[in-house]
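Q:
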Amino acid sequence: MSTPDFNGRWPAPYTSAAVLTIDYNDIHGILTQVPTMAGRDKSLSVWRYGTTRGVQRLLDVFAEQGVRTTWCIPGIVAQENPEVIRSIHAAGHEIACAGYRHENFSTLDLAAQQASLLRGCAVLEQLTGERPRGFRAPAGSYAPGFADVLRSAGLRWSSSWAGDDLPYLHPGPGNALVELPLHCELEDAPYFAFNLAPAVPASQARIASYAEVLDNWQRDLAGFQRFGLCAVMRLHPEILGTVGRIALLDECLGWLKGQPGVWISSAEEVATWWAQATSADRPGAESDHPAAVFARHQPGALHEQP
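Going by our numbering, the first residue of the sequence shown is number 7, and it counts up by one from there.
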């Protein structure tokens, strides 16, 4: 089957894009998911492994492969592990905000979400000297109006929603806010996240074959490449930074770099390109796009669509 011509969608000579994002949550992600983990140091050590070993293994592979990535980090993780954050930043990777704590945003009102965002950004800026340009909801969903909060805080991209295979613009006034959509099949947690007690997942039916996961990822990434789309991977240092799985990442990246026309870049670079390339002729998401539907149906919608 022939490959369509997607020249012009991405900067020459590329015909598709791939973004590697890393959610670095230390113990705070699992404490949001399973609050009963609090005080259970034996179990929490599974997630602290990302800090003690996994982060550096990921950084080593990215350096060897010459790949720039995006790390989504809550402010509290940065406060507790400042040298780790500085090492990520010094290696040339983008650091994005994931709020202050690893809260479930679905349980917070708009004011609390805004406070979390601003506090998290302030901590990261203090440590790195750079204001984050991107955001990922640590868990749960935005409150209506949060896209405008992101714009007002100077952020230019989000990677929290799904709903597409290409970046899209959130409707609303002001600077473009680009969404880089996620797909769970390009994550590591659904395949590998595991703990015996407390049980994660509750069914215990997980830890997949490394070879089959690599095959899945390659098939999905090949599909994004074939159709000229933007693949966003979401990885975790405590999951993929183990002595066995790090080779899985290394092999996947080596394979991806060998695919023709794939632009492997940071979330900020891809979002900046997309905003510049689409803002003139597509000022917002199409009327039937999930982002536009969400804007229309939020209570007291501020940005009514025709």
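C-beta atoms are modelled at their ideal positions from N, C-alpha and C, and glycine is treated no differently. Since this is a predicted model, take the numbers as computed values, not measurements.
When you compare the CB positions of residue 90 and residue 61, do they come within less than 8 angstroms of one another, or not?
A: Yes, these two residues count as a Cβ contact at 8 angstroms.
Q: Residue 26: buried (16+ other C-beta within 10 angstroms of its C-beta) or exposed?
A: Classification for residue 26: buried.
Q: Give the DSSP-derived three-state secondary structure of residue 290 in the structure shown.
A: Residue confidence is low: residue 290 scores 48 on pLDDT, short of 50, so the model does not pin down where it sits. No coordinate-derived value is stated.
Q: Buried or exposed for residue 22, please, with buried defined as at least 16 other CB atoms from any protein chain shown within 10 angstroms of its CB.
A: Its Cβ being crowded by 16 or more others within 10 Å, residue 22 is buried.
Q: Candidates 265, 142, 282 and 136: which alpha carbon is nearest residue 230's?
A: Of the candidates 265, 142, 282 and 136, the one whose C-alpha sits nearest the C-alpha of residue 230 is 265.
Q: Which same chain residues end up closer than 8 angstroms to residue 257 when comparing Cβ atoms and leaving out the 5 residues on each side of it in sequence?
A: Cβ within range, chain order: 220.
Q: Have a look at 143, 167 and 180 and flag the residue whose alpha-carbon is nearest the alpha-carbon of residue 154.
A: Cα-wise, what sits closest to residue 154 is 180.
Q: So residue 146 and residue 111 are in contact, right, with Cβ under 8 angstroms, and what is the actual spacing, rounded?
A: Going by Cβ atoms, the distance from residue 146 to residue 111 rounds to 4 angstroms, so yes, they are a contact pair.
Q: Would you tell me roughly how many angstroms separate the C-alpha atoms of residue 159 and residue 141, rounded to the nearest one?
A: Whole-angstrom Cα-Cα distance: 11 angstroms.
Q: Give every residue of the same chain whose Cβ lies closer than 6 angstroms to the Cβ of residue 108, excluding the five residues on either side of it in the sequence, and list them in chain order.
A: 31, 34, 35, 38, 80 and 144, listed in sequence order.
Q: Within a Cβ cutoff of 7 angstroms, which residues of the same chain sit near residue 190, ignoring the five residues on either side of it in sequence?
A: Counting only Cβ-Cβ distances below 7 angstroms, and skipping sequence neighbours, we find 196.
Q: Whole angstroms is fine: what's the gap from residue 183's alpha carbon to residue 157's?
A: Taking the straight line joining both Cα atoms gives about 7 angstroms.
Q: Let me know if residue 282 comes out buried or exposed under the rule of 16 or more other beta-carbons within 10 Å of its beta-carbon.
A: Counting Cβ neighbours within 10 Å, residue 282 comes out exposed, since fewer than 16 surround it.
Q: Measure the beta-carbon distance from residue 188 to residue 240 and round it to whole angstroms, keeping in mind my assumption that it falls under 8 angstroms.
A: Indeed, because the Cβ distance is near 6 angstroms, the residues count as touching under 8 angstroms.
Q: From residue 65 to residue 284, what does the alpha carbon distance come to, in whole angstroms?
A: The alpha-carbon atoms of residue 65 and residue 284 are separated by roughly 33 angstroms.
Q: When burial is assigned at 16 or more other CB atoms within 10 Å of the CB, is residue 41 buried or exposed?
A: Exposed is the call here.
Q: Hey, would you say residue 173 sits closer than 8 angstroms to residue 280, going by beta carbons?
A: It is a contact, given that the beta carbons lie within the stated cut-off.
Q: Going by the CB atoms, is the gap between residue 24 and residue 262 shorter than 8 angstroms?
A: Taking 8 angstroms as the Cβ cut-off, residue 262 and residue 24 qualify as a contacting pair.
Q: If you reduce the DSSP assignment to three classes, tell me which class residue 241 lands in.
A: In the structure shown, residue 241 sits in a strand (DSSP, three-state: E or B).
Q: For the beta strand (DSSP E) containing residue 190, name the first residue and the last one.
A: First-last for residue 190: undefined, no H or E at that position.
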